[in-house]
Amino acid sequence: MFITLGLLGVLVVYLIAQYNGFVVLKTRILEALSGIDVQLKRRADLIPNVVETIKGYAKHEKSVFTEVTKARSALMGAKSLSEKAEADNMLSGALKSLFAVAEAYPDLKANTNFQDLQRQLEDTEDKVAYSRQFYNSNVLDFNTKVQMFPSNLIANVFAFKAFEFFEAEEEAKKSVKVKFD
Amino acid sequence: MTVYNQISENKVKTFLIMFFFILIFSSFFFLLGKYFDSPWGYFFLGLFISSISSVGSYFYGDKLVLLTTGAKPADKKTYFNFYTVAENLSVAAGLPKPTLYVIDDPSPNAFATGRDPAHAIVCATTGLLQMMDRTELEGVIAHEMSHIKNFDILLASIVAVLVGTLALVSDWVIRSMWWNRRSDSDSRSNRNPIFFVLLVISLILTPIIATIIQLAISRRREYLADASASLLTRYPEGLARALEKLKQNSQPLNQATSSTAHLFIDNPFKKKSASFFVNLFSTHPPIEDRIRILKSM
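Chains as they are written, first to last, in the working numbering: chain A, 5 to 185; chain S, 221 to 517.
Here it is, written out as structure tokens:
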């Protein structure tokens, strides 16, 4: 009788601990997710400045500007995580061709304002990458717990579902082809 | 060993070191009092000094360390790379951004201090900031971030203050004994010689004990922090290259003292450790070993 009660008590404590473990990890993931959003927004906010500065020197490179602006508005409008990832990768690609174009203008490269913007942009890119890494490592912890026995039983009961990873697609890793026309 | 084990181990060790410090320090003063014919008066003086410096080291250890090294706050504009890299890596580690300080010295080095991640400080020399490119700096800062995350900084800062106190007091005792012996050696010939011998032994032992404590806390920690840093940046090569540069530089850091030496990423005195015996008493693992391990990751 007492033994059964005792065992039941231990089981309840275990269940509570497992449940709370899930909640902690989930909260951390959501926080990491908002961290990514903050960095993506910072990055998007920098773009108009960069475009304006480069336009001052390289007016006729229209196709590159429209591509960057298009990618930026796609990023601003992205709702789901995969949309955001895709838009972010698109923006990275577009920015690469933009800076490749800028290479051809020595005056622009010597402009301190441009140098400063370039530095800031590189930094926000790092920030996006690191916040993505933090998010992904938390998702890894959570998803492992969701799938492993016996915590998977508890995840099932309380409907804790595996989160999606924020992936840098192949697109961003490929080198960018630059067209001069 | 996981990071979580490391955190609790560091907290327990901090408590134990404080406890034994107070115990040994007070008994040492008790012995000293025996020699000067008022054991309990000296005992309470010892208890007082050691308790104050233990509690003080917990709350003000970081500030004391900054004070002795002469560090100044770093602003974003002047130290853009330092500032932003620290920002980025704290995002990656999921920690609050540490307060950043800079030591104006050409010798490249860095350390972290503070009592927990919320009160953490990372400090780099201007020499380091000039010498390292962004990826190398990321490696160094990630190493310091790992010390913060593992609570190594708590233990290391407290040890710095306690070792400093010990050095100061034993220095003071030796001096006062020297003067006492000269002035009234014949007027008080009734002193027990056994206590004098004990006192001399403990005077010799205390700096050795202090060194051993410093050794025990710092060496394995450096390897662990290197490994965690690679996990954070996903690029062990960066830290390896930074360590390579530290190895090649032979300029010692003037602001470092023997009580703060173990805090730094690389031995600030820059003495080349060749023999086994020298390695045994060095606060830092051989830098070649660290580079080799990082390169094999």
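Where a beta carbon is used, it is the ideal one built from N, C-alpha and C, also for glycine.
| task | Taking only beta-carbon positions, decide if residue 312 of chain S is within less than 8 angstroms of chain A. | result | yes
| task | Locate the beta strand (DSSP E) running through residue 321 of chain S, then write down its first and last residues. | result | 319-323
| message | With three or more beta-carbon pairs closer than 8 angstroms as the criterion, would you say the segment 59-69 of chain A touches the segment 158-169 of chain A? | response | no
| said: For residue 268 of chain S, report the span of its beta strand (DSSP E) as first-last. | reply: Element bounds for residue 268 of chain S: not the beta strand (DSSP E) but the alpha helix (DSSP H), 259-289.
| query | Where are the beta strand (DSSP E) runs, 3 residues long or more, that stay fully inside the segment 331-397 of chain S, in chain order? | reply | 341-345
| said: Let me confirm a value: residue 365 of chain S is counted as buried when at least 16 other C-beta atoms fall within 10 Å, else exposed. Which label applies? | reply: buried
| field | Contacting residues, own chain, Cβ-Cβ under 6 angstroms from residue 334 of chain S (five flanking each side not counted) | value | 282, 340, 341, 373
| task | Give the interface partners of residue 308 of chain S over in chain A, defined as CB-CB distance under 9 angstroms, in chain order. | result | 127, 130, 131, 133, 134, 135
| Can you find at least 3 beta carbon pairs, one from the segment 378-390 of chain S and one from the segment 476-483 of chain S, that sit closer than 8 angstroms? | yes
| Are residue 138 of chain A and residue 314 of chain S close, meaning C-beta to C-beta below 8 angstroms? | yes
| For residue 300 of chain S, which residues in chain A fall below 7 angstroms Cβ to Cβ? | 123
| Would you say the segment 74-87 of chain A touches the segment 36-48 of chain A, given that touching needs at least three Cβ pairs under 8 angstroms? | yes
| said: For a contact defined as C-beta to C-beta under 7 angstroms, what are the partners of residue 304 of chain S on chain A? | reply: 127
| query | So, residue 79 of chain A versus residue 124 of chain A, is the Cβ gap smaller than 8 angstroms? | reply | no
| query | From S:308, S:476, S:232, pick the residue whose C-alpha is nearest to that of residue 285 of chain S; which is it? | reply | S:476
| From which residue to which residue does the alpha helix (DSSP H) around residue 506 of chain S run? | Segment: none, residue 506 of chain S is in no alpha helix (DSSP H) and carries neither H nor E.
| query | Does the distance from the C-beta atom of residue 245 of chain S to that of residue 261 of chain S stay below 8 angstroms? | reply | no
| query | If you pair each beta-carbon of the segment 321-334 of chain S with each one of the segment 452-469 of chain S, do three or more pairs fall below 8 angstroms? | reply | yes
| task | Identify the contact partners of residue 138 of chain A in chain S, using a Cβ-Cβ distance below 9 angstroms as the criterion. | result | 311, 312, 313, 314
| Alpha carbon to alpha carbon, how far is residue 126 of chain A from residue 101 of chain A? | 14 angstroms
| query | According to DSSP, is residue 484 of chain S helix, strand or coil? | reply | strand
| task | Kindly say whether residue 25 of chain A, judged by its beta-carbon, lies nearer than 8 angstroms to any beta-carbon of chain S. | result | no
| query | So which residues of chain S does residue 81 of chain A contact, with C-beta pairs closer than 7 angstroms? | reply | What residue 81 of chain A touches in chain S: nothing, since even the nearest Cβ is about 24 angstroms away.
| Assigned secondary structure, residue 131 of chain A (DSSP; H/G/I helix, E/B strand, else coil) | helix
| task | Could you confirm whether any beta carbon from chain S is found closer than 8 angstroms to the beta carbon of residue 39 of chain A? | result | yes
| Exposed or buried, what is residue 228 of chain S when buried is set at 16 or more other beta-carbons lying within 10 Å of its beta-carbon? | exposed
| Apart from the five residues on each side of it in sequence, which residues of its chain come closer than 6 angstroms, Cβ to Cβ, to residue 517 of chain S? | 450, 456
| Which term fits residue 394 of chain S, buried or exposed, when burial requires 16 or more other beta carbons within 10 angstroms of its beta carbon? | exposed
| task | Can you say whether residue 371 of chain S is buried or exposed, counting buried as having 16 or more other CB atoms within 10 angstroms of its CB? | result | buried
| request: Would you tell me roughly how many angstroms separate the C-alpha atoms of residue 272 of chain S and residue 424 of chain S, rounded to the nearest one? | output: 24 angstroms
| request: Give every residue of the same chain whose Cβ lies closer than 8 angstroms to the Cβ of residue 514 of chain S, excluding the five residues on either side of it in the sequence, and list them in chain order. | output: 446, 450, 456, 457, 459, 460, 463
| field | Inter-stretch contact at 8 angstroms, needing at least 3 Cβ pairs: the segment 345-355 of chain S / the segment 318-325 of chain S | value | yes
| message | In whole angstroms, give me the CA-to-CA distance for residue 278 of chain S and residue 234 of chain S. | response | 9 angstroms
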